[in-house]
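Trainee: Below are the structure tokens for one structure; questions will follow.
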Amino acid sequence: MLGAIIGDVIGSVYEWNNIKTKDFPLFRKDCFFTDDTVMTVATADALMNGGDAGDFIDAYKKWGRLYPEAGYGARFGAWIRSSDREPYKSWGNGSAMRVSPCAWLMDCGYTSRTGLWPSDGREKAKVSAEVTHNHPEGIKGALAVTDAIFMCRFYTGGYGDDEGNPVNERYTLEQYKLVIKEFIEREHGYDLGAALDDIRPSYRFNASCQKTVPQALIAFFESTDFEDAIRNAISLGGDSDTLAAITGSVAEAAYGVPDEIKEKALSFLDEPLLAVYERWSSIIKR
Numbered sequence: 077m078l079g080a081i082i083g084d085v086i087g088s089v090y091e092w093n094n095i096k097t098k099d100f101p102l103f104r105k106d107c108f109f110t111d112d113t114v115m116t117v118a119t120a121d122a123l124m125n126g127g128d129a130g131d132f133i134d135a136y137k138k139w140g141r142l143y144p145e146a147g148y149g150a151r152f153g154a155w156i157r158s159s160d161r162e163p164y165k166s167w168g169n170g171s172a173m174r175v176s177p178c179a180w181l182m183d184c185g186y187t188s189r190t191g192l193w194p195s196d197g198r199e200k201a202k203v204s205a206e207v208t209h210n211h212p213e214g215i216k217g218a219l220a221v222t223d224a225i226f227m228c229r230f231y232t233g234g235y236g237d238d239e240g241n242p243v244n245e246r247y248t249l250e251q252y253k254l255v256i257k258e259f260i261e262r263e264h265g266y267d268l269g270a271a272l273d274d275i276r277p278s279y280r281f282n283a284s285c286q287k288t289v290p291q292a293l294i295a296f297f298e299s300t301d302f303e304d305a306i307r308n309a310i311s312l313g314g315d316s317d318t319l320a321a322i323t324g325s326v327a328e329a330a331y332g333v334p335d336e337i338k339e340k341a342l343s344f345l346d347e348p349l350l351a352v353y354e355r356w357s358s359i360i361k362r
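For reference, each letter of the sequence shown is one residue, going 77 to 362 in my numbering.
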């Protein structure tokens, strides 16, 4: 969740003023939170209220109406304002940028003991997408990000070292990235073979999962630390805040977040958003 917020805040000033370089001030005075942060907070709020479909619908409408000018897509904004509670077949990247809290409910220890994936958080990730983004691409984007976050947590947490797990020896993070990349390609059908240097010159704004999630994941795979991952994502141009929110959500699980970056990013949030973030953080740390 924190990584998504950070990516959103840093990327906010570049969404409509794209840059194609990693050399930029990490935080500018005119940075702000957007719909990516609001809806990520809404996802956490929904999970803390039970995580059923109705909880996600209630949370997305509640928080969307609290922050009506946060920058929602036209169809999602209309859904927020309406009384309609039905999904609308969206394949937009909103399902992927808001999903990260679900991945932190997944029990790494369970997978280490059994070799099976924990279902709870992953199922909730699917539900979180389906309440609006029930197009197969919208669901796939959310699940791919969830899987990447969980696998980063699993491997960097040392769970992959346990006997009986498919990876039985301690790999470097770069080796684990290859395992994760191969899984995402195989499970979700994304092509993650392109390099950032090949993507960057022609990449333009695109609000679909299909043209956002793979690029955001590649930005993580090519990174050396959390900050570098964010810089990679923003350097692509396009939907900068959402790209960086997705990349940041995965990078948080792999690298952790430096305290100074965390504190600076959270300083851009107001009290209602901070209150949910703090409550969620206290639950995850238990």
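Glycine is no exception: its CB is placed at the ideal position from the N, C-alpha and C atoms.
1) Locate the alpha helix (DSSP H) running through C228, then write down its first and last residues.
2) Whole angstroms is fine: what's the gap from G233's alpha carbon to A321's?
3) Quick one: using the 10 Å Cβ neighbour count with 16 as the cut-off for buried, is W167 buried or exposed?
4) Looking at the structure shown, is G168 part of a helix, part of a strand, or coil, going by DSSP?
5) For the alpha helix (DSSP H) containing F297, list its first residue and its last residue.
6) Between L181, V203, N282, which lies nearest to A135 when the distance is taken from Cα to Cα?
7) Which one of R161, D267, E347, R355 has the shortest CA to CA distance from F109?
8) Quick check: is any heavy atom of the ligand GDP less than 6 Å from the C-beta of G197?
9) Can you tell me whether DSSP reads S284 as helix, strand or coil?
10) Under a Cβ-count criterion, where at least 16 other Cβ atoms within 10 Å of its own Cβ denotes burial, should D84 be classed as buried or exposed?
11) Find the nearest neighbour of R115 within the set N94, R104, K98, C178, judged by alpha-carbon distance.
12) Do K138 and I156 count as a contact pair if the criterion is CB distance below 7 Å?
13) Taking 7 Å as the limit between beta carbons, can you name the residues of its chain near N210, skipping five residues before and five after?
14) Quick test of the definition: if touching needs 3 or more C-beta pairs under 8 Å, does the stretch 320 to 337 touch the stretch 219 to 229?
15) Can you list, in chain order, the residues of its chain whose CB lies under 6 Å from that of G313, leaving out five sequence neighbours each side?
16) Could you spell out the range, first to last residue, of the alpha helix (DSSP H) harbouring L249?
17) Quick one: what's got a C-beta closer than 7 Å to G240's C-beta in the same chain, skipping five residues either side?
18) Give me, in chain order, the residues of the same chain whose beta-carbon lies closer than 7 Å to that of Y90; leave out the 5 immediate sequence neighbours on both sides.
19) Using DSSP with H/G/I as helix, E/B as strand and the rest coil, what is S311?
20) Looking only at its own chain, which residues have a Cβ that is under 7 Å from the Cβ of C107, when we skip the five neighbours before and after it?
21) Helix, strand or coil for Y136? Go by DSSP, reduced to three states.
Mentor: According to the structure data:
1) 212 to 232
2) 22 Å
3) buried
4) strand
5) 289 to 297
6) V203
7) E347
8) The model on display carries no ligand, and the ligand GDP is accordingly not part of it.
9) strand
10) buried
11) Here the sequence assigns Met to residue 115, which means Arg is not the residue at that position. The shortest Cα separation from M115 among N94, R104, K98, C178 belongs to C178.
12) no
13) P163, K165
14) yes
15) N94, K96, Y279
16) 249 to 264
17) Any reading at G240 needs caution, since the residue's pLDDT is 47, under 50, leaving its predicted position unreliable; the model's value is listed next. These residues qualify, in order along the chain: G191.
18) I310, S316
19) helix
20) V85, I86, S88, V89, F344
21) helix
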